[in-house]
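Engineer: Line order of the protein sequences matches chains A and B.
Heads up: take any position in the first sequence, counting from 1, add 1, and you land on my numbering.
For the record, in the second sequence the residue sitting at position 195 is 190 according to my numbering, with numbers rising by one throughout.
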Amino acid sequence: MLLILASLLLMVASGAAALVTSARERLSKVIGVTGLVTSCIIGLAPALHVLWTGREEAFIRPWSVPMGSFSIGLDGLSAFFLLPILVLSALAAVYGGAYLQAHHHKGGGHDVSHATRDGSAFFHPGESEDGEREQGQGARERSENRGPATGNLIRKPGASWFFYNLLVASMIMVIMARNGVLFLIAWEVMAIASYFLVMYEDESALVRKAGSTYLIATHCGTAFLLALFILLGRQSGSLDFSTFEASGLSGVAFLMALVGFGTKAGLVPLHVWLPEAHPAAPSHVSAVMSGVMIKTGIYGLIRTLTFLGPPPPWWGWTLIGIGAISGILGVLFALAQHDLKRLLAYHSVENIGIITLGLGLGLLGVSYDQPLIAVLGFAGGLLHVVNHALFKGLLFLGAGAVAHAAQTREIDRLGGLLRRMPWTGAAFLIGSVAICGLPPLNGFVSEFLIYVGAFEATSSLMGPTAVSGMLIVGALALIGGLATACFTKAFGIVFLGEPRTDDAARAVEVTAGMRIPLMVLAACCAAIGLLAPLAFTITTRSFPSLANLLPYDAPVLIHQAAGMMRVVVLCLSSFLLLLSMLFIIRHKLLSGRSVEKTVTWDCGYAAPTSRMQYTASSYAQPLTQLFHFILRTHRDFSPPQGFFPESAALSTHTQDAFEEEVYRPLFQGVGRLLSRLRWLQSGRIQLYVLYIALTLLILLMWKLG
Amino acid sequence: MISIIHILFAVLLAPLALGVINRTKAIFAGRRGQPLLQLYWDLFKLLRKGAVYSRTTTWVFSAGPLVSLAAVLTSLLVVPFGGVRALLAFPGDLLLLAYLLGLMRFFTVIAALDTGSSFEGMGASREVTFSALAEPALLLGLAAMGRRAGSLSLSGMYSGMMPSDLVHHGGPVLILVAAAFLVVFLAENARIPIDDPDTHLELTMIHEVMALDHGGPDFAFIQYAAALKMWVLGALLIGILVPMHTGLPPLDVVAALIGMFLLAAATGVIESTMARLRILRVPQLLVAASVLSMLALVLVLD
Chain A
2 MLLILASLLL MVASGAAALV TSARERLSKV IGVTGLVTSC IIGLAPALHV LWTGREEAFI
62 RPWSVPMGSF SIGLDGLSAF FLLPILVLSA LAAVYGGAYL QAHHHKGGGH DVSHATRDGS
122 AFFHPGESED GEREQGQGAR ERSENRGPAT GNLIRKPGAS WFFYNLLVAS MIMVIMARNG
182 VLFLIAWEVM AIASYFLVMY EDESALVRKA GSTYLIATHC GTAFLLALFI LLGRQSGSLD
242 FSTFEASGLS GVAFLMALVG FGTKAGLVPL HVWLPEAHPA APSHVSAVMS GVMIKTGIYG
302 LIRTLTFLGP PPPWWGWTLI GIGAISGILG VLFALAQHDL KRLLAYHSVE NIGIITLGLG
362 LGLLGVSYDQ PLIAVLGFAG GLLHVVNHAL FKGLLFLGAG AVAHAAQTRE IDRLGGLLRR
422 MPWTGAAFLI GSVAICGLPP LNGFVSEFLI YVGAFEATSS LMGPTAVSGM LIVGALALIG
482 GLATACFTKA FGIVFLGEPR TDDAARAVEV TAGMRIPLMV LAACCAAIGL LAPLAFTITT
542 RSFPSLANLL PYDAPVLIHQ AAGMMRVVVL CLSSFLLLLS MLFIIRHKLL SGRSVEKTVT
602 WDCGYAAPTS RMQYTASSYA QPLTQLFHFI LRTHRDFSPP QGFFPESAAL STHTQDAFEE
662 EVYRPLFQGV GRLLSRLRWL QSGRIQLYVL YIALTLLILL MWKLG
Chain B
-4 MISIIHILFA VLLAPLALGV INRTKAIFAG RRGQPLLQLY WDLFKLLRKG AVYSRTTTWV
56 FSAGPLVSLA AVLTSLLVVP FGGVRALLAF PGDLLLLAYL LGLMRFFTVI AALDTGSSFE
116 GMGASREVTF SALAEPALLL GLAAMGRRAG SLSLSGMYSG MMPSDLVHHG GPVLILVAAA
176 FLVVFLAENA RIPIDDPDTH LELTMIHEVM ALDHGGPDFA FIQYAAALKM WVLGALLIGI
236 LVPMHTGLPP LDVVAALIGM FLLAAATGVI ESTMARLRIL RVPQLLVAAS VLSMLALVLV
296 LD
């Protein structure tokens, strides 16, 4: 426990030191990054220790804040969530050091110039004149015009490291807090620190809009958490977690936790901030936010569930319903995106959905007293938390490398990067295979656990309740298929084929500082896939913390499931063995024979240009067309006219349906309602003094009367 | 022991099933048709050739066929053949099967995109669209089978079935699942009415167009992997339609083999008597297959 406190202290202190020294850019970066990496390594020791030995640790001191004590603890669940936070934050910091430095010297700005407006198939450069439609050549010209301005802008990476370290420290604190007040303070610090990180490139209007959307959303969520803790602490009069107990209002508490934590996690329909904020941040911050910060929402939900007593079935059903909707809508909207980081952000919504499906399944297992289903559901959901942190971190860092090297994140302007950036490309491919849940990587392991749990539910639950399993199987199958479509698009169009623009053609591999974190994360993805039984066992070490929720003598079941994982690994290893055998066979067959190089066969057409390649938009079109009733993709099309058409343009744009249909009308309505009170604001100071006097008078009367 | 033998059968006889399909189609068209063993000769010829690669391609292009073949070969480990158990059977092995086929698809598709050809991009796009819709049909159908047999492994689901099951209690469930699997079988193996393996226009192809640039041993691997994939998905179908459990495993294997070639002949009949669907109609067929699977699952919940 002292180690983890020391690690927190070092983290915050090095962040502050980076802020103080921010005039000396290099020194500030070294202090910030080294401090963070060191403290993450220090912090890993106690987390691993707790997972290994199963001994819980606690640190409780009285403090002057009312309602409880300064109470932190490290149990299996906390330690399990700490692992991805520490590992990914440290790797992303190393990457960020190299990234911000390179970025700073380029003058910045390019990474966000296409943040939300997407275009496809530009026939006529410079077509879009108005400022709203930032797309195509027009946008690039503008961002170049803006170049000198942003170049003069002196960015202080010191502040960025301060907030980064603060963000990581606050996430650790959220995971370890055992007191409501402490939890909420850490939660707020986390929100504010990440807000400032999102606003790193605040000269862009899109970034500012993304930042404020995020700030508003996260505070709406926090409001529910405040109410939740008051509700939980109502009986004992203390906000210490140890005093929380189940009451008649557990259902209300569950819903509040779902809304409050669901906002942070990005569950549909509370996700609208996520695809705005994550792409706007610098890539290493996006990785941390998407990879681990949103998981604090999942953590909070699980932790709250342990206070609420035995779950009634409708909790599980609710989570399954929301998880299925989040998963399917997340991947569908991802499919329709043209911006690589926005696509990844929507995939976070999808993966949070998968995690929620697992948790919902686990809860149903508990409600219907099916230990095997409960164990598989929770283990799958929890392991997916770690897995998603690894591959989503990897993919965001990879996307950052692409944006850095090719000056754009727009998928349709990239291509052929694998030749130019072989390491980044290979790592991105591993991340893509993993996120699709394909063997032999880590995504397969966690989805496998949830799937088996769902199959178990379809085959052993009674009558209608077995429909839950059917829902999960159907949802996961559809998500899996669509994710494959989405990531073959993301990897295939960005990294394969020929470059579609000169910028993409000029891309070069990023520096070692940015490359090595990618390699490490890719290795982690492979390791969890091939060491599935071990990963599963470590996941189940968090179960003792869920004792209120999982009242089973689990070891037998866990042993049984681990045995199953061993056979899976046997199959995966035989796959790798076969693959290497085939590789050798092919090599032997081709050695000594003629192996020639020529152009791609284009049905006899001799002079293809790279712009004739299939684009990401066309690639996804059959599916986006099929799901048009959900996606409502806008299409601006000016067809070629006349015999010698001079200009033509097509651009598609998929806004978030919930933002368009729900939140915009809602907030506009609220705005209209409040504007009725505008007459109060006359702008005359005398009148305002009168308001104050009147208020005081009324209060006085109320007090005396 | 017998489980290893049926893997051997799959490895040796998979290309023959394609020969049977082609022979059936030839008979319908009144032609003599190519030899039954044509695919074998093609494979041998391709394996003896050199290779020509596009300058656009990277290692992903040559990894595609290797991963595909390795994945489908691995999936043979868990697929039961008629009434004969698979070599490995464990709860959830069906997911390994489904996701190995998914891995195969992933790499076929990115190998196609690696050429930068718009034709191959178009084929890849259609492939991922249709398979995303076929996936729920397969997995929900397997869930219905699992509920029916009370088992989570393929071998468990397919063991103990009798031909009489198809007409007695629970028959409708099996017939619905079989119908759904037939659609998945035709879609995943690029057969009419979803895709036409004999088409001559790249614009209309789905599966064939993705392999346009492959040649030599790589193309042999692709063709062989496709034949094996058909065998694997066919095994899931004949396990329902020809469930022989005589107690004598060799006899069961023979029955399943006959079933497999009958299925191939039936595919030939379908291809000869049906036209290909318009591409925009295909999703409807696939969604219908998912609905059939779901219906089967609901029926079996009783």
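The beta carbon of each residue, even a glycine, is placed where N, CA and C say it ideally should be.
The structure displayed is predicted, hence computed values, not measured ones.
1) Does the beta carbon of E57 (chain A) fall short of 8 Å from some heavy atom of the ligand PLP?
2) How long is the line joining the alpha carbons of L292 (chain B) and P314 (chain A), rounded to whole angstroms?
3) Return the first residue and the last residue of the alpha helix (DSSP H) that H385 (chain A) is part of.
4) Should G234 (chain B) be flagged as near chain A, meaning a C-beta pair shorter than 9 Å?
5) Looking at chain A, is there any beta carbon in it that lies within less than 9 Å of the beta carbon of K44 (chain B)?
6) Starting from the beta carbon of P623 (chain A), find every residue of chain B whose beta carbon is closer than 7 Å, and list them in chain order.
7) Please specify which runs of the alpha helix (DSSP H), each continuous and at least 4 residues long, are wholly inside the region 74 to 132 of chain B, giving them in chain order.
8) So with Cβ pairs under 9 Å, would you call P298 (chain B) a contact of chain A?
9) Considering only the beta carbon of each residue, do L181 (chain B) and I274 (chain B) sit closer than 9 Å?
10) Going along the chain, which residues of its own chain have a beta-carbon closer than 8 Å to the beta-carbon of E145 (chain A), five neighbours each way excluded?
11) From A:G399, A:S213, A:L591 and A:L226, pick the residue whose C-alpha is nearest to that of V175 (chain A); which is it?
12) So if DSSP puts N180 (chain A) in a beta bridge, which residue, or which two residues, is it bridged to?
13) According to the neighbour-count rule (16 or more other Cβ atoms, all chains shown, within 10 Å of its Cβ), is V113 (chain A) buried or exposed?
14) Please classify M1 (chain A): is it buried, with 16 or more other beta-carbons within 10 angstroms of its beta-carbon, or exposed?
15) When you check each C-beta in the region 61 to 78 of chain B against every C-beta of chain A, which residues fall closer than 8 Å?
16) Going by the beta-carbon positions, is the gap between T707 (chain A) and L133 (chain B) smaller than 9 Å?
17) Going along the chain, which residues of its own chain have a beta-carbon closer than 6 Å to the beta-carbon of L82 (chain B), five neighbours each way excluded?
18) Exposed or buried, I201 (chain B), counting other C-beta atoms within 10 Å across all chains shown (16 or more means buried)?
19) Please list the segments of the beta strand (DSSP E) lying wholly inside the region 580 to 660 of chain A, counting only runs of 3 or more residues, in order along the chain.
20) C487 (chain A) to G238 (chain A), Cα distance in whole Å?
21) Which residues in chain B sit within 8 Å of Q708 (chain A), going by Cβ to Cβ distance?
22) For a contact defined as C-beta to C-beta under 7 Å, what are the partners of F85 (chain B) on chain A?
23) Could you name the residues of the same chain whose beta carbon sits closer than 7 Å to that of V364 (chain A), not counting the 5 residues immediately before and after it, in chain order?
24) Give the interface partners of V434 (chain A) over in chain B, defined as CB-CB distance under 8 Å, in chain order.
25) In or out: D193 (chain B) buried (at least 16 other Cβ within 10 Å) or exposed?
26) In whole angstroms, give me the CA-to-CA distance for A325 (chain A) and L358 (chain A).
27) Counting only Cβ pairs nearer than 7 Å, list the residues of chain B close to T538 (chain A).
28) To the nearest angstrom, how far is it from the Cα of E128 (chain A) to the Cα of A650 (chain A)?
29) Taking all protein chains shown into account, decide if E499 (chain A) is buried (16 or more other Cβ within 10 angstroms of its Cβ) or exposed.
30) Quick one: what's got a C-beta closer than 7 Å to P167 (chain B)'s C-beta in the same chain, skipping five residues either side?
31) Straight-line CA distance for A84 (chain B) to T485 (chain A)?
32) If you compare alpha carbons, which of A:Q102, A:Q622, A:L250 and A:E457 is closest to G87 (chain B)?
33) Is there a Cβ of chain B sitting closer than 9 Å to that of G44 (chain A), yes or no?
34) Can L709 (chain A) and F496 (chain A) be called in contact, C-beta distance under 9 Å?
35) Taking the alpha carbon of E277 (chain A) as the reference point, which residue from A:S251, A:G212 and A:I323 has its own alpha carbon closest?
36) Determine whether the Cβ of I217 (chain B) lies closer than 9 Å to any Cβ atom of chain A.
Structural biologist: For this structure:
1) You won't find the ligand PLP in this model; it holds no ligand whatsoever.
2) 21 Å
3) P372 to A407
4) no
5) yes
6) S120, R121 and T124
7) 88 to 108
8) Any question about residue 298 (chain B) goes unanswered here, given that chain B covers just -4 to 297.
9) no
10) Summary for E145 (chain A): the model assigns pLDDT 38, below 50, so the residue's position carries little reliability, and this model does not support an answer.
11) A:L226
12) A:D241
13) Per-residue confidence for V113 (chain A) stands at a pLDDT of 42, beneath the threshold of 50, marking its modelled position as unreliable; the derived number appears in the next sentence. Buried, since its Cβ has 16 or more Cβ neighbours within 10 Å.
14) Because chain A in this structure spans residues 2 to 706, residue 1 (chain A) falls outside the shown range and cannot be described.
15) L61, V62, L64, A65, A66, L68, T69, L72 and V73
16) Residue numbering for chain A in the displayed model covers 2 to 706; residue 707 (chain A) lies beyond these limits and cannot be assessed.
17) S(-2) and L72
18) buried
19) 596 to 599, 635 to 639 and 650 to 654
20) 50 Å
21) This structure cannot settle anything about residue 708 (chain A), because the visible part of chain A is limited to 2 through 706.
22) M565 and V568
23) Just to set this straight, residue 364 (chain A) is Leu in the shown sequence, not Val. Excluding residues within five positions, the ones whose Cβ falls inside 7 Å are P312, W316, G317 and L320.
24) L98 and F101
25) exposed
26) 7 Å
27) Neighbours of T538 (chain A) on chain B: none; closest Cβ ~17 Å, over 7 Å.
28) Residue confidence is low: E128 (chain A) scores 35 on pLDDT, short of 50, so the model does not pin down where it sits. Its coordinate-derived value is still stated next. Roughly 8 Å separates the two Cα atoms.
29) buried
30) L294
31) 27 Å
32) A:E457
33) no
34) Only positions 2 to 706 of chain A appear in the structure, and residue 709 (chain A) is not among them; the question remains open.
35) A:G212
36) no
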